[in-house]
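Just so you know, the sequence shown maps onto residues 1021 to 1670 in the numbering used here. Below is one structure; the comments refer to it alone.
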Amino acid sequence: MGKNLTRKILEAHLAKPSDMKPGEEIYVKVDQTLTHDINAVMTYLAFEAIGIDRTQVETSVSYLDHNLLYLDNKTPDDHIYLQSVAKRFGVHVSRPGNGICHAVHVARFGAPGKLSMGGDSHTPHGGSIGMLCIGVGGMDVATAMTGVPMRLKMPEIIRVNLKGHLKPGCNAKEVILEMLRRVGIKGGLGKVFEYVGEGAAGLEVAERATITNMGAEMGATTSIFPGDEQVQKFMRAQGREAEYVEMLPDEDAEYDGEIEIDLSQLEPLIACPHQPDNVVPLKEVEKKKVQQVFIGSCTNASYSDIAKVALVMQGHHVNENVSCTCAVSSKQVYKQLLKDGYLEMLVDAGVRILEIACGPCCAIGQSPATKGVAVRTSNRNFKGRAGNPTAEIYLVSPESAAATAILGTFASAEDILGEDVAKLAEIHEPETYPVDDSMIIKPLPEEEAQNVEIVRGPNIQPLPVPEPFTDHLCVPISLKTVYNITTDDITPASAEFSSMRSNIPLMSKYCYHRYDPEFSERAKKMGQSIIIGGENYGQGSSREHAAINPMYLGVRAVIAKSIARIHKGNLLNHGIIPMVFEDPADYDKLEMGDELEIQDLLNQMKTKRVEVIDKTKGIAFGVCLELSDNELEVISCGGQLRYLKKQLGK
Ligand code: F3S
């Protein structure tokens, strides 16, 4: 049998021979790394602490794109640090205003067949060009930059056969919402979704990116489309055709599972609060009064997305009860939309054009009103994701968002355009993008780079490093959470909190702030403690602060029913033991404040099963360490930094 595309790329990057059986640990060489401003300070502080002189991968890029709202000195200080540390270590910088990391990376750096790791959960966006892109924690990016092979659990590869073509008024967003409706937020765990078929071949790179980007919402390792003629056309439009290589699965490729979607049967869909898999047909959802519409984010702010919004808006005006904003994905897309008159159409319709950045997607501005209904084209609708936990967030396509902004309640493009909706099918990505890399700072030659001074503002505090474990742990439960806790629950997004990310002593005061405002003080008073979690603990954003802050507050282990992939890696990296209940029913027996004891911890850990005694309740229960031998070594050392230094020292 032939090989699928994912297997071909992984095989080409294997650092150690492997059978590549699903679930087995494999080691791969990484070609490219990506970071962005609100997670990256910790990554580069870790890279400095490791003590390597220069990034060892082909291309490392640091994007300044998330928090461009300089509320005080903290964020500009971070940006100056990031720019200087990038210069010092041979990393490209994409300056504020150049665009959202994933959109720029695909356009200016990515290429079919490459393997990248990015400190952002939506890194799989790059799968749109036949590249294997995996979201990881910031410490993992620092590790990848040292050139050491990266550990990866060999995923199952699922063939997603797309048939037919999308109807006008339907967007690639409908495809990924349909996937979420079918498989749910945990349905992608340990899997790669590989999109093939005539329907896939008909989708442009920008449409493919919407799908691979939001594969993160299913917990997938990544998602990928073939490196085919669509990719060649895109790279030609970017003036980079020379970097194109065809990357296709074999015709008789073997897969571990199959899903089929007939694109022509899809109708506009909507993800209702507070999970992205809470998907229903848009026409069936209860018509609510909408207070806010946001069109933008890495998911749905391409040229064709925004041009279609403009066509829906043409001759109409944003409803008087709706606040409608739009943030375009990159400078080149912005320039093209400006040139083609689409931005003017939006302004005429009463849309407020925002800065080219992530912005509202991660609550950096444009929070909805109290109990406001917000309709967004972004990828996450968790409670509080927009900066206001009382708001309800609904996710839709740009076409539906535009119609909703006009009518003031959930609507599709067809509700506005009627039969004229067919004209939306005439919009395509440009034949040539107005390429301008003046906002990308290239790395200095190695000798020159060594003399660069790294600039650190007062808010940039050293990366805390956890102590290694001792043999006996007897600590209380500092928090018992419900199911589906997100990293937004642990470390809230927003301009205010994002600007604290380089100062852990400060930021940790707000750990679980919106979920349990007393957690931080309580955990600190306890000295050391354990958190109890439900299913899918730590889903959502890759932000490693959701591990660093609890670690700083003395949390030594998380015992949960299940733990999301990236967060589990972050816990490991930062010295918190990720443990899973052997019998999920034990979750119900535990309460906050219970004293838990683990005897002979280090030896028990080696067996990957640990007996925990609840001294308060007088019961004992088992927990599993779903870790590889290598991961076990990392956690036994007290985290990735200590482990890596030990390895590099060897
Ligand atoms: Fe930025 Fe939101 Fe994407 S924060 S990287 S636009 S998910």
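Glycine is no exception: its CB is placed at the ideal position from the N, C-alpha and C atoms.
Exercise. Measure the C-alpha to C-alpha separation of Phe1641 and Asp1620 and round it to an integer number of angstroms.
Key: Taking the straight line from one Cα to the other gives about 15 angstroms.
Practice problem: Helix, strand or coil for Leu1647, going by three-state DSSP, please let me know. | Solution: Per DSSP, reduced to three states, the secondary structure at Leu1647 is coil, with no helix or strand assignment.
Practice problem: Go through its chain and collect everything with a Cβ distance to Ser1350's Cβ below 6 angstroms, but skip five positions before and after it. | Solution: Same-chain partners within the cutoff: Gly1119, Ala1123, Val1124.
Quiz item: Between Arg1201 and Thr1397, what straight-line distance do the alpha-carbon atoms span, to the nearest angstrom?
Solution: Answer to the nearest angstrom: the Cα atoms are 17 angstroms apart.
Quiz item: Quick one: does the C-beta of Ile1120 sit closer than 8 angstroms to a heavy atom of the ligand F3S?
Solution: Distances taken from the Cβ of Ile1120 to the heavy atoms of the ligand F3S include one shorter than 8 angstroms.
Quiz item: By how many angstroms is the C-alpha of Leu1358 removed from the C-alpha of Gly1574?
Solution: Approximately 51 angstroms, taken between the alpha carbons.
Quiz item: Name the DSSP bridge partner or partners of Met1267?
Solution: Bridge partners of Met1267 according to DSSP: Gly1247.
Quiz item: Any heavy atom of the ligand F3S closer than 8 angstroms to the Cβ of Ser1398?
Solution: Answer for Ser1398: yes, Cβ within range of the ligand F3S.
Quiz item: Since Cys1378 contacts His1086 with CB under 8 angstroms, what's their CB separation in whole angstroms?
Solution: Sure, about 4 angstroms apart at Cβ, within 8 angstroms.
Quiz item: For Gln1481 versus Gly1392, is the C-beta distance shorter than 9 angstroms?
Solution: Between Gln1481 and Gly1392, the CB-CB gap reaches or exceeds 9 angstroms.
Self-check item: Beta-bridge partners of Tyr1414, as assigned by DSSP
Solution: Paired residues: Val1395.
Quiz item: Looking only at C-alpha atoms, which of Ala1330, Leu1209, Lys1183 sits nearest to Leu1286?
Solution: Out of Ala1330, Leu1209, Lys1183, the CA that lies nearest to the CA of Leu1286 is found in Lys1183.
Practice problem: With a floor of 3 residues, list each beta strand (DSSP E) that falls wholly inside the region 1603-1638, ordered by position along the chain. | Solution: Counting whole runs of 3 or more residues, the region 1603-1638 contains the beta strand (DSSP E) stretches 1615-1618, 1629-1634.
Practice problem: Could you tell me whether the region 1468-1482 touches the region 1531-1549, where touching means 3 or more Cβ pairs closer than 8 angstroms? | Solution: Using a C-beta cut-off of 8 angstroms, the region 1468-1482 makes no contact with the region 1531-1549, since fewer than three inter-stretch Cβ pairs fall below that distance.
Quiz prompt | Cβ neighbours of Arg1108 in the same chain (closer than 7 angstroms, five flanking residues each side left out) | solution = Counting only Cβ-Cβ distances below 7 angstroms, and skipping sequence neighbours, we find Ala1469, Val1472, Ile1474.
Quiz item: Is it true that the CB of Gln1052 sits closer than 9 angstroms to the CB of Val1081?
Solution: Closer than 9 angstroms, so yes.
Quiz item: Looking only at its own chain, which residues have a Cβ that is under 7 angstroms from the Cβ of Thr1319, when we skip the five neighbours before and after it?
Solution: Only Thr1230, Asn1233, Met1234, Thr1397, Ser1398, Asn1399 meet the Cβ criterion.
Self-check item: In DSSP terms, what Tyr1557 is bridged to
Solution: Answer by DSSP bridge pairing, in chain order: Ile1583.
Quiz item: Can the beta-carbon of Ser1004 be found closer than 9 angstroms to that of Ser1148?
Solution: It is not possible to answer for residue 1004, since the shown part of the chain is limited to 1021 through 1670.
Quiz item: Looking only at its own chain, which residues have a Cβ that is under 6 angstroms from the Cβ of Pro1096, when we skip the five neighbours before and after it?
Solution: Exclusion of the five residues before and after Pro1096 leaves Tyr1090 as the residues of its chain whose Cβ lies within less than 6 angstroms of its Cβ.
Self-check item: Continuous beta strand (DSSP E) assignments of at least 3 residues falling wholly in the region 1321-1381
Solution: List check, beta strand (DSSP E) in window: 1343-1346.
Quiz item: Can we count Thr1163 as close to the ligand F3S, meaning its CB is less than 8 angstroms from some heavy atom?
Solution: If you check the C-beta of Thr1163 against the ligand F3S, you find no heavy atom less than 8 angstroms away.
Self-check item: 6 angstroms CB neighbourhood of Met1159 in its chain, flanking five on each side removed
Solution: Contacts found: Ala1066, Asn1593, Gln1660.
Quiz item: Which runs of the beta strand (DSSP E), 3 residues or longer, sit entirely within the region 1458-1519?
Solution: Segments of the beta strand (DSSP E) lying fully in the region 1458-1519: 1493-1500.
Quiz item: Taking the alpha-carbon positions, what's the Tyr1083 to Glu1045 distance?
Solution: Roughly 30 angstroms between the two C-alpha positions.
Practice problem: Can you check DSSP and say which residues form a bridge with Asn1181? | Solution: Residue pairing for Asn1181: DSSP places it in a beta bridge opposite Val1216, Glu1280.
Quiz item: Is the Cβ-Cβ distance between Val1105 and Glu1068 less than 9 angstroms?
Solution: Yes; because the gap between Cβ atoms is below 9 angstroms, this pair is in contact.
Quiz item: On the premise that His1294 lies in contact with Phe1402, defined as a C-beta separation below 8 angstroms, what is that separation, rounded to the nearest angstrom?
Solution: Their Cβ separation, rounded to whole angstroms, is 6 angstroms, which keeps Phe1402 and His1294 in contact under 8 angstroms.
Quiz prompt | DSSP three-state assignment for His1125, whether helix, strand or coil | solution = Helix at His1125.
Exercise. Check whether the Cβ atoms of Asp1606 and Ile1497 sit closer than 9 angstroms, and answer yes or no.
Key: Cβ atoms of Asp1606 and Ile1497: not closer than 9 angstroms.
Quiz item: What are the start and end residues of the beta strand (DSSP E) that includes Lys1173?
Solution: Boundaries of the beta strand (DSSP E) around Lys1173: 1170-1173.
Self-check item: Per-residue DSSP class, three states only, for Phe1601
Solution: When DSSP states are grouped into helix, strand and coil, Phe1601 belongs to the strand group.
Quiz item: Is the beta carbon of His1142 within less than 8 angstroms of some heavy atom of the ligand F3S?
Solution: Yes.
Quiz prompt | Chain-order list of residues whose beta-carbon lies under 8 angstroms from that of Met1527 (same chain, five-residue window excluded) | solution = Closer than 8 angstroms at the Cβ level, and outside the excluded window around Met1527, lie Thr1511, Phe1517, Met1520, Arg1521, His1565, Asn1569.
Quiz prompt | Where the alpha helix (DSSP H) through Gln1660 begins and ends | solution = For Gln1660, the enclosing alpha helix (DSSP H) starts and ends at 1660-1669.
Self-check item: Beta-carbon separation (whole angstroms), Glu1419 vs Val1348, contact threshold 8 angstroms
Solution: Contact between Glu1419 and Val1348 does not hold, since the beta-carbon distance rounds to 16 angstroms and is not under 8 angstroms.
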